[in-house]
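This report concerns only the one structure given below.
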Amino acid sequence: MRADALKRREHIITTTCNLYRTHHHDSLTMDNIAEQAGVGVATLYRNFPDRFTLDMACAQYLFNVVISLQLQAISPFPTDPEGVWTSFNQLLFDRGLGSLVPALAPESLDDLPDEVSALRRTTEKNTTTLISLAKQHGLVHHDIAPGTYIVGLITISRPPITALATISENSHKALLGLYLSGLKHGMMANIGEHDGKS
Numbered sequence: 011m012r013a014d015a016l017k018r019r020e021h022i023i024t025t026t027c028n029l030y031r032t033h034h035h036d037s038l039t040m041d042n043i044a045e046q047a048g049v050g051v052a053t054l055y056r057n058f059p060d061r062f063t064l065d066m067a068c069a070q071y072l073f074n075v076v077i078s079l080q081l082q083a084i085s086p087f088p089t090d091p092e093g094v095w096t097s098f099n100q101l102l103f104d105r106g107l108g109s110l111v112p113a114l115a116p117e118s119l120d121d122l123p124d125e126v127s128a129l130r131r132t133t134e135k136n137t138t139t140l141i142s143l144a145k146q147h148g149l150v151h152h153d154i155a156p157g158t159y160i161v162g163l164i165t166i167s168r169p170p171i172t173a174l175a176t177i178s179e180n181s182h183k184a185l186l187g188l189y190l191s192g193l194k195h196g197m198m199a200n201i202g203e204h205d206g207k208s
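Quick note: the sequence shown, position 148, residue 158 per our numbering, numbers continuous.
Printed below as a string of structure tokens:
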């Protein structure tokens, strides 16, 4: 692929990811994406013959970004555990994972193309390494599993509801601090025991 064609393809992918951060996946059409990317619809379809192909290209791009951030965090982790851990999570949070992951995830992980599945496995392996390092330095409680950590981070990084955004300035980002603090203390052992009891 020529350099200009590759640059155009990458621009379409990053534009699509940015749109998914602020728009519901199903509210966007290929026409919308082409317009925002500044390309013709024919050019968009030449690069991505259908929506699933575009979504999987975006997923591949996102996984590569996450893997790069993970590797940048793993190496220096022992030198500044809390600083590296906080910075790493802030970077993931700022990438809008809460919007991107639901938009790009198929109904079943078995539907992921092989190259995307391989990146997902690498991401999971790196996540396990980071959680292990964080536990060694008292930043994550021993009862927190890597999957619980990921689901939690995705959940809190969803865009705030517009009507609630005015309640507290920067309340959305404040959730990250609360979340990281909660990871240190672990899950409440007795949660749910008082349901339905007076």
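Just so you know, even glycine gets a beta-carbon here, dropped at the ideal spot from N, CA and C.
Need the endpoints of the alpha helix (DSSP H) that residue i sits in, please.
i, result
"PRO112", "107-114"
"PRO91", "91-104"
Once DSSP output is grouped into helix, strand and coil, what is the label at residue i?
i, result
"ASN28", "helix"
"ILE160", "helix"
"ALA15", "helix"
"VAL76", "helix"
"LEU140", "helix"
"HIS204", "The predicted position of HIS204 is uncertain, since its pLDDT is 49 and thus under 50; no value can be drawn from it."
"ASP60", "coil"
"GLY192", "helix"
Check the C-beta distance from residue i over to residue j and give it rounded, since I have them as a contact under 8 Å.
i, j, result
"GLY196", "HIS151", "3 Å"
"LEU29", "ASP65", "In fact, because the Cβ distance is near 12 Å, the residues do not count as touching under 8 Å."
"THR137", "ILE84", "Not really, about 10 Å apart at Cβ, beyond 8 Å."
How about residue i and residue j: do their beta carbons lie closer than 9 Å?
i, j, result
"ARG19", "ALA67", "yes"
"LEU107", "LEU163", "yes"
"LEU186", "PHE87", "no"
"ALA15", "TRP95", "no"
"LEU54", "ILE22", "yes"
"LEU122", "LEU72", "no"
"LEU193", "ILE166", "no"
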